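In UniProt numbering, the protein residues as written are 1 to 217. Taking it in order: structure first as structure tokens, then the write-up.
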Ligand SMILES: [Zn+2]
Ligand SMILES: [Zn+2]
Ligand SMILES: [Zn+2]
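This is how it looks when you write it as structure tokens:
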């Protein structure tokens, strides 16, 4: 399931099952960033899945040089576009070392390499949040209490993400509404743009919801 093999499997998937299998891999292990259509918001890291599904994801470095590992230990997970993630965004080679994921629990996989040989695999390891991401979260109204992993896709973080800079957010929302053909993700009916809202689910999916359906969330 680690990297190359999973990519080969993915290419063999039929188009209609692709989103499901991508989601399953995002939940169990993660997908190489360089393989995904990803973008940085003001506060969150997004990926586009087929059929215009937008999700916010966690990102961690999954391939570490052995020397780095001995110096710094396990990687951390990122949930905002911090300096490290911005560097990854501008470097394709570097982005091959990072995985995007939607884990329900604090469990991540990574491995260490030396030259071309893979040395150690770590599976289901709990990781610490990135200090830079944490600082952005605290400075952005996230509060001072320790960030429990369960909150990463829970209400607190959603509130923090929800404060995406308005201009950026509106741009993304219009794009999303256009790609989804003005269709509400809940009732699947088409609506004028004015009656559609963006709704951030706790699992990270960014949905479009009509006024009628929004009342029922
Ligand atoms: Zn970070
Ligand atoms: Zn609806
Ligand atoms: Zn809503």
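Heads up, the beta-carbon is just placed ideally off N, CA and C, and yes, glycines get one too. On a predicted model such as this, the values are computed, not experimentally measured, just so you know.
- request: Taking residue 140 as the reference, give the member of 80, 115, 176 with the closest Cα.
  value: 80
query: Which residues bound the alpha helix (DSSP H) around residue 69?
result: 66 to 72
- prompt: Leaving out five residues before and five after residue 197 in sequence, what residues of the same chain have Cβ atoms less than 8 Å from its Cβ?
  reply: 208, 209, 210, 211, 214
message: Once the 5 residues before and after residue 173 are set aside, which same chain residues still bring their CB inside 6 Å of it?
response: 198
Residue 211, DSSP secondary structure in three states: helix
Length of the line joining the Cα atoms of residue 1 and residue 200: Its pLDDT being 38, under 50, residue 1 is placed unreliably in this model, and the value from its coordinates should be taken loosely. Cα to Cα, residue 1 sits roughly 29 Å from residue 200.
task: State the DSSP-derived secondary structure class of residue 125, mapped to helix, strand or coil.
output: strand
query: Counting only runs that start and end within the segment 72 to 137, where is the alpha helix (DSSP H) found for 4 or more residues in a row?
result: 83 to 89, 92 to 95, 131 to 137
query: Going by C-alpha distance, which of 61, 138, 83 is nearest residue 125?
result: Comparing Cα positions, the closest option is 61.
- request: Mark residue 5 as exposed unless 16 or more other C-beta atoms lie within 10 angstroms of its C-beta, in which case mark it buried.
  value: Low local confidence applies: a pLDDT of 49 at residue 5 is under 50, so the model's placement there is unreliable, with the coordinate-based value given in what follows. Per the 10 Å Cβ criterion, exposed.
field: Identified DSSP bridge partners for residue 49
entry: 53
message: Using the Cβ count rule (16 or more neighbours within 10 Å means buried), how would you classify residue 85?
response: By the neighbour-count rule (16 or more Cβ atoms within 10 Å), residue 85 is buried.
query: At what residues does the beta strand (DSSP E) containing residue 39 begin and finish?
result: 37 to 40
Backbone CA spacing between residue 186 and residue 51 [nearest angstrom]: 15 Å
message: Checking 8 Å against the spacing of the C-beta atoms, do residue 127 and residue 30 come in under that value?
response: no
message: For residue 189 and residue 183, what's the separation of their Cα atoms in angstroms?
response: 5 Å
task: Report whether the distance from the Cβ of residue 40 to the nearest heavy atom of ligand 1 is below 7 Å.
output: no
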